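Quick notes on the structure that follows.
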Amino acid sequence: MELATTLKTQDVRIGVREIGINPDHWYAVAWAKDLKPGQVIPVTIWNQTIAVYRGISGQIHALDNICPHKGVDLHTGDVTGERLVCSYHGWEFDHQGQCAKIPYLPEEQKLPCAELRVFPVQEKYGLIWIFPGNPALAAERQPPEIPEFDNPHWIMVAIGARFNAHYSICNENTMDVFHGYLHRNLQGWFNPVLLKLKESDDSVCADYRVSYQGPITRFLGLSEDGGSITTKVISVNYHYPNYYTSLEGISSLYLMRLPVSPSESRSFAFLFLKVRLPQWLVATVRPMLQYSIRHGLFLRFLAQDIEMIESEQRNYWANPKRRYVEINPAIVALQRVLVRQYEQFRQSLEPAHTNGQTGNRHKSVDEPVSVPEAIATNHIDPS
Ligand code: FES
Ligand SMILES: [Fe+2]
Numbered sequence: 003m004e005l006a007t008t009l010k011t012q013d014v015r016i017g018v019r020e021i022g023i024n025p026d027h028w029y030a031v032a033w034a035k036d037l038k039p040g041q042v043i044p045v046t047i048w049n050q051t052i053a054v055y056r057g058i059s060g061q062i063h064a065l066d067n068i069c070p071h072k073g074v075d076l077h078t079g080d081v082t083g084e085r086l087v088c089s090y091h092g093w094e095f096d097h098q099g100q101c102a103k104i105p106y107l108p109e110e111q112k113l114p115c116a117e118l119r120v121f122p123v124q125e126k127y128g129l130i131w132i133f134p135g136n137p138a139l140a141a142e143r144q145p146p147e148i149p150e151f152d153n154p155h156w157i158m159v160a161i162g163a164r165f166n167a168h169y170s171i172c173n174e175n176t177m178d179v180f181h182g183y184l185h186r187n188l189q190g191w192f193n194p195v196l197l198k199l200k201e202s203d204d205s206v207c208a209d210y211r212v213s214y215q216g217p218i219t220r221f222l223g224l225s226e227d228g229g230s231i232t233t234k235v236i237s238v239n240y241h242y243p244n245y246y247t248s249l250e251g252i253s254s255l256y257l258m259r260l261p262v263s264p265s266e267s268r269s270f271a272f273l274f275l276k277v278r279l280p281q282w283l284v285a286t287v288r289p290m291l292q293y294s295i296r297h298g299l300f301l302r303f304l305a306q307d308i309e310m311i312e313s314e315q316r317n318y319w320a321n322p323k324r325r326y327v328e329i330n331p332a333i334v335a336l337q338r339v340l341v342r343q344y345e346q347f348r349q350s351l352e353p354a355h356t357n358g359q360t361g362n363r364h365k366s367v368d369e370p371v372s373v374p375e376a377i378a379t380n381h382i383d384p385s
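Structure below.
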């Protein structure tokens with residue numbers, strides 16, 4: 003659905019800050035290089051803690067991080083072959099989550115029925131992805147396509163970040179091209195205009211016209227001459243739960259969002275820049291360019307964003323009933339998508355509720371924070 007791009011005042015009570023997630027998507031949870039064969043790490047998706055380990059074969063597995071014996075963390079255990087061994091009594095769990103050995107039980111004795119939840123997991127684009135929702139949906143919903151990945155014509159910079167904030171605040175920051183003012187000392191963009199806005203069930207696509215000026219624009223290939231003003235169109239595409247942003251084929255940003263809890267979010271981002279240098283030269287200067295882009299540019303922008311995001315969260319916590327004024331329809335559209343996705347997930351649980359069962363659903367990732375009230379108070383004007 004195409005939406006009007008006129009900026010107008012909307013009185014928003016931020017109910018979206020109280021919603022949970024739709025777990026029926028693939029979430030990036032860690033960099034694959036940080037998990038060597040034989041290692042185990044804990045990851046958290048919306049308060050669901052998961053032990054992710056790489057077996058000796060190199061295969062990655064993801065199991066509930068709570069031992070079914072006494073309830074201790076499993077990620078403090080060891081990996082043996084393709085099994086995870088609990089550090090407390092040494093019970094071994096295979097990658098299907100079944101208890102496969104108890105070291106102090108005689109061989110012939112039957113093992114107790116102690117089973118761990120198994121999460122669909124995959125490794126793609128140097129990231130580990132987990133599907134925390136209904137496993138039956140995992141095959142039909144894949145992680146985003148990243149065609150620039152491993153393409154030698156692009157310089158790639160990978161950056162992770164943590165935010166003490168609800169994922170909705172982080173996502174609004176990425177959709178909000180009008181905050182170039184914050185980055186003015188870094189020669190960020192200016193004079194933004196919202197040109198086009200589209201919203202679907204699970205996405206928001208916004209095209210903005212923006213201007214650049216200064217030496218950085220030359221470095222990034224945005225202009226021949228850093229002194230003159232260059233105008234470009236930036237497309238910001240949010241496809242739940244991740245972002246893809248493109249600047250006229252000059253640069254693109256893929257930003258994967260991990261909602262850790264109602265008060266913590268992470269991101270895994272890939273920034274790609276098209277370099278206008280001969281390939282032999284790119285190969286030589288690639289590490290230096292990556293370092294400069296990472297430290298001279300990306301991390302500096304990110305530090306400014308984190309400060310604003312966390313400040314917004316703190317003030318929300320101080321008074322959740324306070325009303326705010328929004329004038330960017332792209333932000334309002336984004337809030338609608340976040341709420342809608344969460345509502346859809348909750349509705350998908352309802353048939354199970356009617357017979358008093360939770361069906362094949364697992365409740366741990368969808369525990370809401372006073373959600374019905376939150377949605378009811380989300381005074382977002384859909385027009
Ligand atoms: S608590 Fe895990 S084996 Fe006992
Ligand atoms: Fe920013």
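Per the working numbering, residue 3 is the first one in the sequence shown, and the count goes up by one each step. No residue lacks a Cβ here, since even glycine has one placed at the ideal position from N, Cα and C. All values derive from a computational prediction rather than experimental measurement.
Contact under 8 Å by Cβ, residue i with residue j
{"i": "residue 5", "j": "residue 201", "result": "yes"}
{"i": "residue 48", "j": "residue 144", "result": "no"}
{"i": "residue 205", "j": "residue 175", "result": "no"}
{"i": "residue 256", "j": "residue 146", "result": "yes"}
{"i": "residue 332", "j": "residue 208", "result": "yes"}
{"i": "residue 275", "j": "residue 248", "result": "no"}
{"i": "residue 315", "j": "residue 166", "result": "yes"}
{"i": "residue 148", "j": "residue 344", "result": "no"}
{"i": "residue 99", "j": "residue 81", "result": "no"}
{"i": "residue 157", "j": "residue 277", "result": "yes"}
{"i": "residue 35", "j": "residue 128", "result": "yes"}
{"i": "residue 71", "j": "residue 91", "result": "yes"}
{"i": "residue 131", "j": "residue 30", "result": "yes"}
{"i": "residue 269", "j": "residue 162", "result": "yes"}
{"i": "residue 118", "j": "residue 203", "result": "no"}
{"i": "residue 219", "j": "residue 233", "result": "no"}
Residue closest to residue i, alpha-carbon to alpha-carbon, out of the options
{"i": "residue 177", "options": "219, 135 and 237", "result": "237"}
{"i": "residue 8", "options": "199, 172 and 315", "result": "199"}
{"i": "residue 169", "options": "325, 334 and 311", "result": "311"}
{"i": "residue 401", "options": "17, 18, 11 and 26", "result": "Because the chain here runs from 3 to 385, residue 401 falls outside it and cannot be looked at."}
{"i": "residue 289", "options": "160, 188, 185 and 346", "result": "160"}
{"i": "residue 32", "options": "282, 261 and 280", "result": "261"}
{"i": "residue 299", "options": "108, 323, 195 and 188", "result": "188"}
{"i": "residue 171", "options": "292, 75, 342 and 336", "result": "336"}
{"i": "residue 330", "options": "66, 129, 194 and 82", "result": "194"}
{"i": "residue 319", "options": "11, 12, 17 and 3", "result": "17"}
{"i": "residue 20", "options": "268, 71, 263 and 334", "result": "263"}
{"i": "residue 258", "options": "272, 266 and 251", "result": "272"}
{"i": "residue 164", "options": "70, 107, 267 and 186", "result": "267"}
{"i": "residue 12", "options": "326, 349 and 109", "result": "326"}
{"i": "residue 122", "options": "139, 322 and 113", "result": "139"}
{"i": "residue 10", "options": "196, 79 and 203", "result": "196"}
{"i": "residue 113", "options": "192, 57, 203 and 94", "result": "94"}
{"i": "residue 124", "options": "77, 341, 58 and 141", "result": "141"}
{"i": "residue 351", "options": "265, 293, 135 and 304", "result": "135"}
{"i": "residue 68", "options": "110, 46 and 296", "result": "46"}
Which residues DSSP lists as bridging residue i, in chain order
{"i": "residue 244", "result": "241 and 258"}
{"i": "residue 196", "result": "210"}
{"i": "residue 158", "result": "274"}
{"i": "residue 234", "result": "212"}
{"i": "residue 47", "result": "50"}
{"i": "residue 86", "result": "81 and 95"}
{"i": "residue 205", "result": "241"}
{"i": "residue 266", "result": "263"}
{"i": "residue 401", "result": "Because the chain in this structure spans residues 3 to 385, residue 401 falls outside the shown range and cannot be described."}
{"i": "residue 5", "result": "199"}
{"i": "residue 63", "result": "55"}
{"i": "residue 68", "result": "75"}
{"i": "residue 285", "result": "None; residue 285 has no bridge partner."}
{"i": "residue 33", "result": "129"}
Cutoff 8 Å: residue i Cβ touching any chain C Cβ
{"i": "residue 325", "result": "Looking for chain C here will not work: only one protein chain is present."}
When the Cβ atoms of the stretch 51-62 are set against those of the stretch 152-159, are three or more pairs found closer than 8 Å? Touching, no.
Check whether the stretch 79-93 touches the stretch 33-46, taking contact to mean three or more Cβ pairs, one atom from each stretch, closer than 8 Å. Cβ pair count under 8 Å is three or more, so yes.
With contact counted as at least three CB pairs below 8 Å, one residue from each stretch, are the stretch 210-221 and the stretch 180-189 in contact? With the rule of 3 Cβ pairs closer than 8 Å, the stretch 210-221 counts as touching the stretch 180-189.
Going along the chain, which residues put their C-beta within less than 6 Å of some heavy atom in ligand 4? Of the ligands this structure carries, namely ligand 1 and ligand 2, none is ligand 4.
At a cut of 8 Å, does the stretch 56-74 reach the stretch 277-285 through at least three beta carbon pairs? No, the stretch 56-74 is not in contact with the stretch 277-285.
What are the uninterrupted segments assigned as alpha helix (DSSP H) that are 4 or more residues long and contained completely in the stretch 97-181, given in chain order? Within the stretch 97-181, the complete alpha helix (DSSP H) segments of 4 residues or longer fall at 169-177, listed in chain order.
Residue ranges of each beta strand (DSSP E) within the stretch 287-351, 3 or longer: 325-328, all fully within the stretch 287-351.
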